[in-house]
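Structure record follows, encoded as structure tokens.
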Amino acid sequence: MRNLLVTENITKKFGGLVAVNKVSIEVKEQTFTMLIGPNGCGKTTLINCCTGILKPTEGRVLFGDTDITGWPTHKIYEVGFVRSFQIPLPFLGLTVLDNVLGAMRNSGEAPLKAPFRRLWVQEEENNMEKAMEILRRVRLDNHWDKPSHTLGAAQLKMLEVAKGLASGARLIALDEPIGGVDPASADEILTHVAELKKEGLTFLVVEHRIDIAAPYADYIYAMDLGRLISQGTPSEVLNDPKVIEVYLGKGVEAC
Ligand SMILES: Nc1ncnc2c1ncn2[C@@H]1O[C@H](COP(=O)(O)OP(=O)(O)OP(=O)(O)O)[C@@H](O)[C@H]1O
Ligand SMILES: [Mg+2]
């Protein structure tokens, strides 16, 4: 399988703090690749360096064959790589459908030509159909006309995934997609993600609730204190003494 995302020796320093220290990972196409590690070990910072929120101090980020190191977020979106945030950030006053429509690519039209050419009418109709289809895929179609602030925690997480799909992304990075969600809903979210993976999407998932998420993972990277400490299949990583030691006292199951 081809690598969709590669980081080569990514380092991110905040003053004297080395939040990410020479981290190299590979995310293969159509996989659920998971990034684990205790609080503050640098997971979100690594994702931020990959998606243009932060510029790495050193190292390279490759998306397919393209070097995207230091690119702004909107350009990374254009090549097909988006991320969700630890705390979902929908437009709370807008409906579920409008949030999805807002994430879509739009060719736009010159304001003076728009009343005559009206190409945008067909485009808007197409986008509307596509958005409803995406909402069906993430089981939010029954909520399309609700303001997004009325959604529950699990539905808000799925709305984030829907926005990623609407953007036409090939790789979606999810920062704690099941954080703050009850176990049954967490399984439901991960099942949807697994279905989308089968359809061809690739996921890079940061998650603390290893016991629930690991069974869905194809490959896991474990970090501690900014460095990679282990990588492999879920059972290889979760049985790695270095990983167990990091979680010692909490127990891997409870992290
Ligand atoms: N913008 C910033 N400025 C300064 N320090 C930062 C910044 N962002 C993160 N840090 C620090 O970098 C380190 C790594 O933080 P990061 O948020 O990447 O960890 P994390 O693994 O995502 O943690 P969590 O599991 O709690 O979300 C922490 O010590 C954090 O305080
Ligand atoms: Mg984080």
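Counting from 1093, one number per residue, gives the positions in the sequence shown under my numbering. Every residue, glycine too, gets a C-beta built ideally from N, C-alpha and C.
Residues of its chain near residue i, where Cβ-Cβ distance is below 7 angstroms and the 5 sequence neighbours each way are ignored
{"i": "K1104", "result": "A1111, V1112, T1137, C1141, L1146, P1148, T1149"}
{"i": "D1279", "result": "I1304"}
{"i": "T1165", "result": "T1143, G1144, I1145"}
{"i": "G1343", "result": "Low per-residue confidence applies at G1343: pLDDT is 48, beneath 50, and the placement is therefore not dependable, though the value from the model is reported in the following sentence. Once the five neighbours on either side are set aside, G1343 has no close Cβ partner at all."}
{"i": "S1322", "result": "A1314, V1329, D1332, K1334, V1335"}
{"i": "E1118", "result": "N1095, V1098"}
{"i": "A1195", "result": "K1255, A1258, S1259"}
{"i": "D1233", "result": "M1224, L1227"}
Identity of the residue in the options nearest residue i by Cα
{"i": "L1096", "options": "L1154, Y1308, P1275", "result": "L1154"}
{"i": "G1156", "options": "R1094, L1293, T1242, R1229", "result": "R1094"}
{"i": "P1326", "options": "V1115, T1125, G1108", "result": "T1125"}
{"i": "T1099", "options": "L1320, N1331, I1336, V1335", "result": "L1320"}
{"i": "I1179", "options": "L1266, V1338, A1309", "result": "L1266"}
{"i": "G1108", "options": "G1318, V1338, Y1339, E1337", "result": "G1318"}
{"i": "D1310", "options": "K1114, I1102, K1120, N1101", "result": "K1120"}
{"i": "E1291", "options": "R1262, K1114, K1222, G1129", "result": "R1262"}
{"i": "I1078", "options": "V1171, L1282, F1295, R1301", "result": "Residue 1078 lies beyond the range of the chain shown here (1093 to 1347); nothing can be said about it."}
{"i": "I1270", "options": "A1306, L1293, E1287, L1288", "result": "A1306"}
{"i": "E1220", "options": "V1297, L1181, L1193, I1281", "result": "For the sequence presented, residue 1220 should be read as Met rather than Glu. Checking every option, the nearest Cα to that of M1220 belongs to L1193."}
{"i": "R1231", "options": "H1284, E1170, V1171, G1162", "result": "H1284"}
First and last residue of the uninterrupted beta strand (DSSP E) at residue i
{"i": "I1145", "result": "Per DSSP, I1145 belongs to no beta strand (DSSP E) and is neither H nor E."}
{"i": "K1104", "result": "1095-1106"}
{"i": "I1264", "result": "1263-1267"}
{"i": "Y1311", "result": "1311-1316"}
{"i": "T1302", "result": "According to the sequence displayed, residue 1302 carries Ile and not Thr. Run containing I1302: none in the beta strand (DSSP E); it sits in the alpha helix (DSSP H), 1302-1305."}
{"i": "V1171", "result": "Where V1171 is concerned, there is no enclosing beta strand (DSSP E), although the alpha helix (DSSP H) it sits in stretches over 1165-1171."}
{"i": "I1436", "result": "Nothing about residue 1436 can be read from this structure; the chain reaches only from 1093 to 1347."}
{"i": "A1127", "result": "For the record, residue 1127 in the displayed sequence is Leu; it is not Ala. That run of the beta strand (DSSP E) goes 1124-1128."}
Beta-carbon separation (whole angstroms), residue i vs residue j, contact threshold 8 angstroms
{"i": "M1250", "j": "C1133", "result": "27 angstroms between Cβ atoms; not a contact."}
{"i": "N1191", "j": "S1259", "result": "That belief does not hold up - the Cβ atoms of N1191 and S1259 are roughly 12 angstroms apart, past 8 angstroms."}
{"i": "I1264", "j": "L1293", "result": "6 angstroms"}
Start and end residues, alpha helix (DSSP H) containing residue i
{"i": "L1248", "result": "1245-1258"}
{"i": "E1118", "result": "From DSSP, E1118 is part of no alpha helix (DSSP H) but of the beta strand (DSSP E) over 1109-1120."}
{"i": "L1296", "result": "Counting along the chain, L1296 falls outside any alpha helix (DSSP H), though it belongs to the beta strand (DSSP E) covering 1294-1298."}
{"i": "G1194", "result": "1188-1194"}
{"i": "S1322", "result": "Segment 1319-1324 is the beta strand (DSSP E) holding S1322; no alpha helix (DSSP H) there."}
Same chain only: Cβ atoms within 6 angstroms of residue i, ignoring 5 sequence neighbours per side
{"i": "M1160", "result": "It is Ile, not Met, that sits at residue 1160 in the sequence shown. Same-chain partners within the cutoff: V1153, I1168."}
{"i": "Q1214", "result": "none"}
{"i": "L1288", "result": "none"}
Same chain, Cβ closer than 8 angstroms to residue i, five either side skipped, listed in chain order
{"i": "R1228", "result": "none"}
{"i": "D1237", "result": "T1187, V1188, L1189"}
{"i": "A1286", "result": "F1124, Y1308"}
Quick test of the definition: if touching needs 3 or more C-beta pairs under 8 angstroms, does the stretch 1267-1285 touch the stretch 1234-1247? yes
contact_flag[the stretch 1165-1184, the stretch 1252-1270] where n(CB pairs < 8 angstroms) is 3 or more: yes
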